[in-house]
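Following: one structure in structure tokens, then a few remarks.
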Amino acid sequence: MLQPRILELQPKTLAGKQQRMSFVHNQTGLLWQSFMQQRTQLAAVNDLLYSLQVYNADYFTTFNPANEFTKWALAEVIDTTALPEGFEHFHLPGGLYAVFDHKGSDTAIFQEIFSQWLPQSDYVVDDRPHFEVLGEKYKNNSEDSEEGIWIPVKKK
């Protein structure tokens, strides 16, 4: 059984690149490739990266893998006045999050979160960005990879 930590996130200022996509037409690899080519030009606060999704408010109530959302590849910054060409700033609002520590490359954890943990919890999805924190233990498509999955929640 999944046991997330429930944390109150403070607002963050992030910067990076965005792209509209769907799960059917997933362009995550191209987005991250473009971001990583210029990442060293970004004055980031630390080495953590944020893979962030902005969904419409009803995205999960009428889920369709062909529906589009905005995907971001980001890093935390303090100053947004001197961003690399093609980069934009993003204000991540604070709020309550269910944080799942995930190891491996299996994306079925999202199915488990939304179909099992969430309905049995005291929470519902809140209309704020969803994101994954990719730290030093993140290894793309590796069974040894570790990341934090942050799902915005509010009490039922």
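1 is the number of the first residue of the sequence shown in full-length UniProt numbering; add one for each residue after it. Backbone N, C-alpha and C fix where the C-beta goes; we use that ideal spot for every residue, glycine too. This one's a predicted model, so the numbers in the text were calculated from it and none came from an experiment.
Status (buried if at least 16 other CB within 10 Å, exposed otherwise) for residue i
i, result
"G115", "As written in the sequence, residue 115 is Ser, which differs from the Gly given in the question. With fewer than 16 Cβ atoms within 10 Å of its Cβ, S115 is classed as exposed."
"K103", "exposed"
"G148", "buried"
"F100", "buried"
"L7", "exposed"
"P11", "exposed"
"F131", "buried"
"A75", "buried"
"V125", "buried"
Nearest candidate by alpha-carbon position, reference residue i, set the options
i, options, result
"K94", "N141, V153, E88 and M21", "In the sequence as displayed, the identity of residue 94 is Gly instead of Lys. Looking at the Cα atoms, V153 is the closest of the given residues."
"E136", "L42, L48 and L31", "L48"
"E88", "L2, K71 and F100", "K71"
"L83", "F35, A66 and H25", "F35"
"A73", "Q111, Q27 and A66", "Q27"
"L134", "D106, K155 and L52", "L52"
"W150", "A15, Y50, A43 and F23", "Y50"
"D106", "T81, A15, E146 and L118", "E146"
"G29", "N141, K155 and K156", "N141"
C-alpha distance - residue i paired with residue j, whole-angstrom precision
i, j, result
"L31", "K17", "7 Å"
"H91", "P129", "10 Å"
"V45", "V77", "5 Å"
"I113", "Q33", "28 Å"
"N56", "Q41", "31 Å"
"Q38", "M21", "21 Å"
"S121", "T61", "17 Å"
"L96", "E85", "33 Å"
"N67", "F23", "8 Å"
Residue i beta carbon near the ligand NAP (any heavy atom closer than 7 Å)
i, result
"G94", "This structure lacks the ligand NAP; in fact it carries no ligand of any kind."
Inset, instruction - Tell me the start and end of each unbroken beta strand (DSSP E) in the UniProt domain "AraC effector-binding" (2-154) that is at least 3 residues and wholly inside, in chain order. - result: 5-9, 12-21, 44-54, 69-77, 88-92, 95-103, 123-125 and 130-134
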